[in-house]
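A.B. asks: What follows is a structure written as structure tokens; I'll ask about it next.
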């Protein structure tokens, strides 16, 4: 039997272990870690190390391409499994809510302030321009603003849009509208995040634009003496929604800042570090916008009292501030 | 003065041969260089080097098309189901059903990729079909934050150019759309212009997309010639097994594993001529090729163990 090739004998001795590893990996890739038995879990590290060392040896003694390609692919798969993420989706979500999200937001105070400046700057600009001369409203919105909430509307009509009359709430139209708004807002929030890559300039424009839209509408109601009522109508969900949009803008600025001013890192490394933090914030914005849509779709339609609306708005504000910025104990990672 | 022509002949033959060798090697080297541009080495904590092959732009685009088709199929199927249901429901509950569908649409649009890439395989169905996966550039864990970052960016890479294409209107609007398309096209075509084939999302997330095909372990060709009757029948001399190098061995392996009977017969004919093997009666081409493959591999592996890699047939030392 000395006539046999050394590389062939090498392969004969080890291929049953390779097949075992292959089988474990195939199973784990299909059904996750939980589908493995205890024996398989115990065998995995040994089989993995053996396959890796087989690969190094095979490279230096074997000229069989198939064996080397096979081991290469087996080791790559095993590497990603052995050193891959071991957390389940549920654990991951809990970690996100308890630690990652508030940490990412509280580390981005400056960009949040900049984003807020652009948004509320746009708001104030539109508000004061419109109060001076209502023609500005038409400049901002064009001629076709939905459902007649414009400077030509009567006070009674405007008031009726703030409160839900009896029998109106149940027709489901408002729910559909709220979910449409969520869709729109969440897509804008993700866009504001993504546009940060272009040095944050489009993000700033998007924030100012959204501020102008709300600010000019605000001026219409203010002008007709409905400022107090409209604030309640807007803020019951607006606290959450506007915070989400500002934070999405902040996420964009985090990226823009990292790309424009990389500091001590290389531009790519800096973008990577910032990108992950910014994506965490953007993910949080989606969560906030879901909550805002629930408040808008149900809360606002069912609650017609100004005081309760203000109380809810205040409570959400306090909640978000504490959640994001209150100092907390270090969680074990 | 009669000697020089006689002397010239062998020199001509060797220069022609070495020129041929140089041409072939240069072509092979160029091919290797081209391939090595997409290979990234990853050194595992065990100290072994694994070669990762980056997915090409075409494969990435193909995987994206498959995923897009799946998403659209889901959208169309659910919409049809909804309209079928909607005709049976009251307007109010139809509205609510539509509201839920809109939220579902948002999640399908933005979280389809995230849902699949966060899993163990690190790949969407489209990537799985084409044998690709997402991996962290530094060789570490693919974190959930990376997956979020690389997929939220999709909005400006795909969504934005698409919106500019749909935009239009009057002359001014058309110019704006064209400008916007050029601007957003930078994001869309970003993977073409960098050596790691990264999207903007990959850049921000610290990821790249690599090939992760499942290779099959096939039977060793040398095993069939290890049987005693084959070994006694095909006895090659050392000179015969030195006729070829590693490159030819690999080509022969591919021929034996993949090609048709005619090609095998042709290859067997050429090898017989080259090594001066006289065909024995009833000798099958495949049996001959397998036996020669085993003998050649054995010889080359022996030499390799002593630190002598004979790279091809022109490599004569």
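Residue numbers (our numbering), protein chains in the order written: chain A, 1 to 333; chain B, 1 to 317.
The C-beta atom is built at its ideal place from N, Cα and C for all residues, glycine as well.
Computed from a predicted structure; not experimentally measured.
For residue 51(B), which residues does DSSP report across the bridge?
C.D. replies: Reading the second chain from its first residue, position 51 is the one you call residue 51(B). Beta-bridge pairing links residue 51(B) to 41(B).
A.B. asks: What residue from 84(B), 60(B), 148(B) and 172(B) has the CA that sits closest to residue 128(B)'s CA?
C.D. replies: For the purposes of this step, residue 128(B) is taken as the residue at position 128 of the second chain. It is 60(B) whose Cα lies nearest to the Cα of residue 128(B).
A.B. asks: Any residues in the region 282 to 308 of chain A with a beta carbon nearer than 7 Å to a beta carbon of chain C? Which ones, in chain order?
C.D. replies: The displayed structure is made up of protein chains A and B, and chain C is not among them.
A.B. asks: Shorter than 9 Å from the beta carbon of residue 161(B) to some beta carbon of chain A?
C.D. replies: Indexing the second chain from 1 puts residue 161(B) at position 161. Output row for residue 161(B): interface = no.
A.B. asks: Please compile the residues from chain B whose C-beta is within a distance smaller than 9 Å of the C-beta of residue 276(A).
C.D. replies: As a position in the first chain, residue 276(A) is number 276, starting the count at 1. Ordered by position in chain B, the residues that pass the 9 Å Cβ test against residue 276(A) are 143, 145, 146, 148, 149, 204, 205 and 206.
A.B. asks: Please confirm if residue 306(B) has its CB atom under 9 Å from at least one CB of chain A.
C.D. replies: Taking the second chain and counting its residues from 1, one reaches residue 306(B) at position 306. No, residue 306(B) does not count as interfacial toward chain A.
A.B. asks: Could you work out which residues of chain A lie near residue 238(B), taking near to mean beta carbons separated by less than 9 Å?
C.D. replies: Stepping through the second chain from its first residue, residue 238(B) is reached at position 238. Near residue 238(B) there are no residues of chain A at all, since even the closest Cβ is about 15 Å away, more than 9 Å.
A.B. asks: Could you tell me which residues DSSP puts in a beta bridge with residue 237(B)?
C.D. replies: The residue you call residue 237(B) lines up with position 237 of the second chain. Residue 237(B) is not bridged to any residue.
A.B. asks: Tell me where the alpha helix (DSSP H) around residue 112(A) begins and ends.
C.D. replies: As a working mapping, residue 112(A) is identified with position 112 in the first chain. Note, residue 112(A): alpha helix (DSSP H), 109 to 132.
A.B. asks: Sorted by chain position, which residues of the same chain lie with C-beta nearer than 8 Å to residue 256(B)'s C-beta, five sequence neighbours on each side aside?
C.D. replies: On the second chain, position 256 is the one that residue 256(B) refers to. So the qualifying residues of the chain are 221, 264, 286, 289, 290 and 293.
A.B. asks: Name the chain A residues that come within less than 7 Å of residue 245(B), Cβ to Cβ?
C.D. replies: Start at 1 with the first residue of the second chain, and residue 245(B) comes out as number 245. Listed along chain A is no residue with a C-beta nearer than 7 Å to that of residue 245(B); the closest approach is about 10 Å.
A.B. asks: With distances taken between CB atoms, is the gap from residue 55(B) to residue 211(B) smaller than 9 Å?
C.D. replies: Working through the second chain from its first residue, we reach residue 55(B) at position 55. Working through the second chain from its first residue, we reach residue 211(B) at position 211. Their beta carbons are under 9 Å apart, which means residue 55(B) touches residue 211(B) by this criterion.
A.B. asks: Specify the secondary structure class of residue 167(A) as computed by DSSP and reduced to three states.
C.D. replies: Against the first chain, residue 167(A) aligns to sequence position 167. With a pLDDT of 49 at residue 167(A), under the threshold of 50, the modelled position of this residue cannot be trusted; read the value that follows with caution. Reduced to three states, the DSSP call for residue 167(A) is coil.
A.B. asks: For residue 129(B), decide whether its Cβ has a neighbour in chain A, counting only Cβ atoms nearer than 9 Å.
C.D. replies: In the second chain, counting from the first residue as 1, residue 129(B) sits at position 129. With 9 Å as the cut-off, residue 129(B) does not count as an interface residue toward chain A.
A.B. asks: From residue 14(A) to residue 194(A), what distance separates their C-alpha atoms?
C.D. replies: As a position in the first chain, residue 14(A) is number 14, starting the count at 1. As a position in the first chain, residue 194(A) is number 194, starting the count at 1. Roughly 49 Å separates the two Cα atoms.
A.B. asks: Using DSSP bridges, identify the partner residues of residue 236(A).
C.D. replies: Locating residue 236(A) in the first chain gives position 236, counting from the first residue. When beta bridges are read from the DSSP output, residue 236(A) appears opposite no residue.
A.B. asks: Return the residue from the list 133(A), 76(A), 47(A) and 65(A) that minimises the CA-CA distance to residue 41(B).
C.D. replies: Walking along the second chain from the start, residue 41(B) turns up at place 41. Here the closest residue by C-alpha is 76(A).
A.B. asks: Say whether chain B places a C-beta atom closer than 9 Å to the C-beta of residue 60(A).
C.D. replies: Within the first chain, the letter at position 60 stands for residue 60(A). Interface residue, yes.
A.B. asks: For residue 43(A) and residue 71(A), which I take to be in contact (beta-carbon distance under 8 Å), what is that distance rounded to the nearest angstrom?
C.D. replies: Taking the first chain and counting its residues from 1, one reaches residue 43(A) at position 43. Taking the first chain and counting its residues from 1, one reaches residue 71(A) at position 71. That belief does not hold up - the Cβ atoms of residue 43(A) and residue 71(A) are roughly 18 Å apart, past 8 Å.
A.B. asks: Tell me which same chain residues have a C-beta within less than 6 Å of the C-beta of residue 326(A), skipping the five on either side of it?
C.D. replies: Taking the first residue of the first chain as position 1, residue 326(A) is located at position 326. Non-local beta-carbon contacts of residue 326(A) in its own chain, meaning distances under 6 Å to residues more than five positions away in sequence, are absent.
A.B. asks: Threshold first: 4 residues or longer. Then list the alpha helix (DSSP H) segments lying entirely within the region 150 to 223 of chain A, N to C.
C.D. replies: 155 to 162, 173 to 195 and 201 to 223
A.B. asks: Determine which residues of the region 3 to 29 of chain A have a Cβ less than 7 Å from any Cβ of chain B, and write them out in chain order.
C.D. replies: 3, 4, 5, 6, 7, 8, 11, 15, 18, 28 and 29
A.B. asks: Where do the N-terminal and C-terminal ends of the alpha helix (DSSP H) with residue 286(A) fall, by residue?
C.D. replies: The residue given as residue 286(A) occupies position 286 in the first chain. Taken as a continuous stretch (DSSP letters only), the alpha helix (DSSP H) holding residue 286(A) covers 267 to 294.
A.B. asks: If you draw a straight line from the alpha carbon of residue 104(A) to that of residue 74(B), how long is it in whole angstroms?
C.D. replies: If you number the first chain from 1, residue 104(A) lands on position 104. If you number the second chain from 1, residue 74(B) lands on position 74. So the two alpha carbons sit approximately 34 Å from each other.
A.B. asks: Quick one: is residue 152(A) near chain B, going by C-beta distance under 9 Å?
C.D. replies: For the purposes of this step, residue 152(A) is identified with residue 152 of the first chain, where counting begins at 1. Cβ-Cβ to chain B under 9 Å: no for residue 152(A).
A.B. asks: Three-state secondary structure (DSSP) at residue 61(A)?
C.D. replies: Position 61 of the first chain, counted from the start, is the residue given in the question as residue 61(A). DSSP places residue 61(A) in helix when its eight states are reduced to three.
A.B. asks: Around the C-beta of residue 20(B), are 16 or more other C-beta atoms found within 10 angstroms, so that it is buried, or is it exposed?
C.D. replies: On the second chain, residue 20(B) is found 20 positions in, with the first residue counted as 1. Here residue 20(B) is exposed: its Cβ has fewer than 16 other Cβ atoms, across all protein chains shown, within 10 Å.
A.B. asks: Does the beta-carbon of residue 102(A) have 16 or more other beta-carbons within 10 angstroms, so that it is buried, or is it exposed?
C.D. replies: Translated into the one-based positions of the first chain, residue 102(A) becomes position 102. It is buried - the Cβ of residue 102(A) has at least 16 other Cβ atoms within 10 Å.
A.B. asks: If you drop the 5 nearest sequence neighbours on each side, which residues of the same chain put their C-beta closer than 8 Å to that of residue 6(A)?
C.D. replies: For the purposes of this step, residue 6(A) is taken as the residue at position 6 of the first chain. These residues qualify, in order along the chain: 61.
A.B. asks: Tell me the DSSP bridge mates of residue 132(B)?
C.D. replies: Position 132 of the second chain, counted from the start, is the residue given in the question as residue 132(B). Partner(s): 211(B).
A.B. asks: So, is the C-beta of residue 83(A) closer than 9 Å to a C-beta in chain B?
C.D. replies: Here the question's residue 83(A) lines up with position 83 in the first chain. True, the Cβ-Cβ gap to chain B drops below 9 Å.
A.B. asks: Since residue 280(A) contacts residue 148(B) with CB under 8 Å, what's their CB separation in whole angstroms?
C.D. replies: In the first chain, counting from the first residue as 1, residue 280(A) sits at position 280. In the second chain, counting from the first residue as 1, residue 148(B) sits at position 148. The Cβ separation is near 7 Å, so the contact holds.
A.B. asks: Which class does residue 311(A) belong to by DSSP, given the choice of helix, strand or coil?
C.D. replies: If you number the first chain from 1, residue 311(A) lands on position 311. Helix at residue 311(A).
A.B. asks: Check whether the region 317 to 324 of chain A touches the region 194 to 205 of chain A, taking contact to mean three or more Cβ pairs, one atom from each stretch, closer than 8 Å.
C.D. replies: no
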